[in-house]
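Residue numbers (my numbering), protein chains in the order written: chain A, 1 to 153; chain B, 1001 to 1308.
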């Protein structure tokens, strides 16, 4: 089957991803954030790398635009750390999609990440992925009911 | 019974048809396939996830291949033409309808299998029927049409080819089971059960095939022109069978075997071609076993009924 259909026309998706990231600059400009062409290339490649590392495949737009739209107004993201933070967030996102066994939707996970990144994590990606997201995924895997912000009932 | 062409899996049909396309046609097909997979993935995740594990995507893709393959299989002379001229989405939709039809056929076959089920206490036999019955509720034609959503423990005399998937596999399994059931029902249960006890003392608990020892003894008796319904092969009968097999003349013994099976079919009034073909194939398999069994061990093939 792999000979007939190698999953993923990567080159086409990469072109679309780059175009998408360029378009996002229009929105994020008002928050003083923008991505250079080099950074866009890096983030586009990071997306495919993260997908490959986590054994996932993505169709259509992907989550980059959603991540940018959600995080662009974070008080802990500035122009200096914008690109690096996005790369880390992409990594964390796909990793924790797997860890949650796909039981959390994209939107729920992104909203959760943003809320806690701005809240108790105070901009620390390490705290976000090492503590908060681990707890969320553990609760999800064990079927515990949580409120809209991931806390156990 | 599945002939050679229909025993090719639906996915193989798709691959064969796709292999006949030009490079440009193939590229177009790939693009359509990608779009179809993207759509299926979106439906599967209900739009809540833009990504899925690769394994999930591969299963969704297999299901797409399977549905399209089923449709192409129903139109074997036009397979490549369909791939060239009809939108893949439409082929997929048509294939899904064909799979629904297979599922409906499967329910009918299950009904027959249940009605012809043997009144013999064997755990794997009855568990398998229950499993297949329950599988229709779990069979997901939309996303995993290639899947076989049940455990099939009971081993048939002639196993269904592994290349068949989904409802194709289940339907073919049921067809073969019905043939075996109907054959065994020609014999009295109080003849079969003692035979099974000799065949396998724990015939109730272990994974045995009920049909094989019954057919084997019937063939032995038919070769000797004795009463096949008795299933009783004595030591003298066995000695005569050894004399019959001793020359090991390939063509002669094969012909004898074919005549024995035909004789059984006549006695049991089995006229349909599928059943006769199945029995002939089983006879042929028995012949292979006879060839590799030493004369001293023939009692392990042609079993003696225990003296009551």
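The beta carbon of each residue, even a glycine, is placed where N, CA and C say it ideally should be.
- Runs of the alpha helix (DSSP H) lying entirely within the region 1115-1164 of chain B, each at least 4 residues long, are 1123-1138 in chain order.
- The C-alpha of residue 67 of chain A is placed about 17 Å away from the C-alpha of residue 126 of chain A.
- With a minimum length of 4 residues, the unbroken runs of alpha helix (DSSP H) contained wholly in the region 1030-1079 of chain B fall at 1054-1073.
- Residue 63 of chain A sits in coil when the DSSP states are folded into three classes, being neither helix nor strand.
- When Cβ-Cβ separations below 7 Å define contact, residue 68 of chain A makes no contact with chain B.
- Contact note: residue 1041 of chain B reaches chain A through 59, using a C-beta cutoff of 7 Å and chain order.
- Interface criterion not met: the Cβ of residue 1133 of chain B is under 7 Å from no Cβ in chain A.
- Among the residues facing chain B, residue 129 of chain A is not included, as its CB has no counterpart in that chain under 7 Å away.
- If you look at residue 56 of chain A, you'll find it in the beta strand (DSSP E) that goes 56-58.
- In this structure, residue 1222 of chain B sits away from residue 1290 of chain B, with a CB-CB distance that is not shorter than 7 Å.
- For residue 1048 of chain B, a Cβ of chain A is located within less than 7 Å of the residue's own Cβ.
- Your pair residue 141 of chain A and residue 101 of chain A checks out as a contact, with CB atoms roughly 6 Å apart and the cut at 8 Å.
- Taking 7 Å as the cut-off, the beta carbon of residue 1286 of chain B is found closer than this to the beta carbon of residue 1216 of chain B.
- Taking a Cβ-Cβ cut-off of 9 Å, the neighbours of residue 1053 of chain B in chain A comprise 54, 55, 56, 57, 97, 98 and 102, given in sequence order.
- Separation of the CB atoms of residue 47 of chain A and residue 15 of chain A is rounded to 13 Å, and the pair is thereby denied contact status at 8 Å.
- The beta carbon of residue 1113 of chain B sits no closer than 7 Å to any beta carbon of chain A.
- The C-alpha of residue 1015 of chain B lies about 11 Å from the C-alpha of residue 1083 of chain B.
- Look at residue 1271 of chain B here: in three-state DSSP terms it is coil, with no helix or strand label.
- Here the C-alpha atom of residue 69 of chain A lies approximately 20 Å from the C-alpha atom of residue 38 of chain A.
- Within chain B, the residues placing a beta-carbon under 8 Å from that of residue 63 of chain A are 1050 and 1051, ordered along the chain.
- DSSP assignment within the region 9-50 of chain A yields the following whole alpha helix (DSSP H) runs of 4 residues or more, N-terminal first: 10-28.
- Using beta-carbon distances, residue 106 of chain A counts as an interface residue toward chain B, with a partner under 7 Å.
- When B:1185, B:1029, B:1055 and B:1146 are compared, the shortest CA-CA separation from residue 1163 of chain B is found for B:1146.
- Within chain A, the residues whose beta carbon sits less than 7 Å from that of residue 1038 of chain B are 59 and 60, listed in sequence order.
- For a Cβ distance threshold of 7 Å, nothing in chain A lies close to residue 1010 of chain B: the least Cβ distance comes to about 13 Å.
- Within 9 Å of the CB of residue 1017 of chain B, no CB atom of chain A is found; the nearest one sits about 11 Å away.
- Segment contact: the region 1192-1203 of chain B against the region 1264-1282 of chain B, fewer than three CB-CB distances shorter than 8 Å; contact not assigned.
- Per DSSP, reduced to three states, the secondary structure at residue 1202 of chain B is coil, with no helix or strand assignment.
- If you draw a straight line from the Cα of residue 1135 of chain B to the Cα of residue 1009 of chain B, it comes to about 20 Å.
- Counting only Cβ-Cβ distances below 8 Å, residue 51 of chain A has contacts in chain B at 1051, in chain order.
- The beta-carbon distance between residue 1118 of chain B and residue 1184 of chain B, rounded to whole angstroms, is 5 Å. This is short enough to meet the 8 Å contact definition.
- One thing to note: residue 57 of chain A has its Cβ within 7 Å of the Cβ of residue 1057 of chain B.
- Spanning the alpha carbons of residue 1253 of chain B and residue 1282 of chain B requires a straight line of approximately 15 Å.
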